[in-house]
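Chemist:
Residue numbers (the working numbering): -2 to 200.
And the structure:
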């Protein structure tokens, strides 16, 4: 397996993976909270549980990937601010762990991609996503993104109403599969590097 190694020690240098969403049970199944869903699945793969961090986030420190030297240290986070101020907790975690921006991954919903489709990239605009706008304002644009397609709202439904609604019954039939695939994409990005992950998941 190829690795995204640096000249220092790629195992010792952690990644910050921030799943974006809104805190509170009333938002848990919303389309806007798919980043939290992916983070929860990654936490189960890391065999750990989230703990409250002073950066206004739920955080889990552990490893992703195979055991031994090919595994990667990961700080998995769910910001406990609301989506449109996600930049505060993400920046506080960046500062606390002293991470370069290229080691930060945001997992988020994306309106302009069909439901369940993934797109991985580094940098770029926020495309109207308030969580990304907040992070970019604090960090600049050069972090990685795992974009989970939720599709456009039907008819004249407003964007806010659409993303703050639960996935439909038809969507929920495949949601677990798509969340699992998004978690795989995060692992591939960290273990294999962006280009190889894109070649596999940007389909």
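Glycine residues also receive a C-beta, built at the ideal position from the N, C-alpha and C atoms.
If residue 194 and residue 182 are in contact, beta carbons under 8 angstroms, what's the gap, nearest whole angstrom?
Modeler: Stepping through the chain shown from its first residue, residue 194 is reached at position 197. Stepping through the chain shown from its first residue, residue 182 is reached at position 185. Correct: roughly 6 angstroms between the Cβ atoms.
Chemist: Apply the 10 Å Cβ neighbour rule to residue 66 and answer buried if 16 or more other Cβ atoms are within range, or exposed otherwise.
Modeler: Here the question's residue 66 lines up with position 69 in the chain shown. Exposed is the call here.
Chemist: Considering only residues of the same chain and omitting the five flanking positions on each side of residue 86, which have a CB-CB separation below 6 angstroms?
Modeler: In the chain shown, residue 86 corresponds to position 89, counting from 1. Excluding sequence neighbours, residue 86 sits near 52, 53, 54, 76 and 78.
Chemist: Counting along the chain, where does the alpha helix (DSSP H) carrying residue 197 start and finish?
Modeler: Mapped onto the chain shown, residue 197 falls at position 200. Its alpha helix (DSSP H) spans residues 191 to 198.
Chemist: Please determine, among 145, 88 and 73, the residue with the shortest C-alpha to C-alpha distance to residue 44.
Modeler: Numbered from 1 along the chain shown, position 47 holds the residue referred to as residue 44. When only C-alpha atoms are compared, the closest one is 73.
Chemist: Do you know whose CA, among 16, 168, 59 and 190, lies nearest residue 70's CA?
Modeler: The sequence position of residue 70 within the chain shown is 73, counting from 1. Residue 70 has its Cα closest to that of 59, out of 16, 168, 59 and 190.
Chemist: Count the other C-beta atoms from every protein chain shown that fall within 10 angstroms of the C-beta of residue 165, then say buried if there are 16 or more, exposed otherwise.
Modeler: In the chain shown, the residue the question calls residue 165 occupies position 168. Flag for residue 165 reads exposed.
Chemist: From 20, 22 and 28, pick the residue whose C-alpha is nearest to that of residue 201; which is it?
Modeler: Residue 201 lies beyond the residue range present for the chain, which begins at -2 and ends at 200; the question has no answer from this structure.
Chemist: Contact check, residue 18 vs residue 80 under 8 angstroms by CB: the rounded distance?
Modeler: Walking along the chain shown from the start, residue 18 turns up at place 21. Walking along the chain shown from the start, residue 80 turns up at place 83. Sure, about 7 angstroms apart at Cβ, within 8 angstroms.
Chemist: Going by C-alpha to C-alpha distance, which of 146, 63, 64 and 47 sits closest to residue 56?
Modeler: As a working note, residue 56 is residue 59 in the chain shown. Among 146, 63, 64 and 47, the Cα nearest to that of residue 56 belongs to 47.
Chemist: Between which two residues does the beta strand (DSSP E) holding residue 102 run?
Modeler: Taking the chain shown and counting its residues from 1, the one referred to as residue 102 is at position 105. Unbroken beta strand (DSSP E) run through residue 102: 101 to 107.
Chemist: Whose CA, out of 168, 64, 161 and 101, lies closest to the CA of residue 21?
Modeler: Sequence index remark: in the chain shown, residue 21 carries index 24 (1-based). For the residues 168, 64, 161 and 101, the minimum Cα distance to residue 21 belongs to 161.
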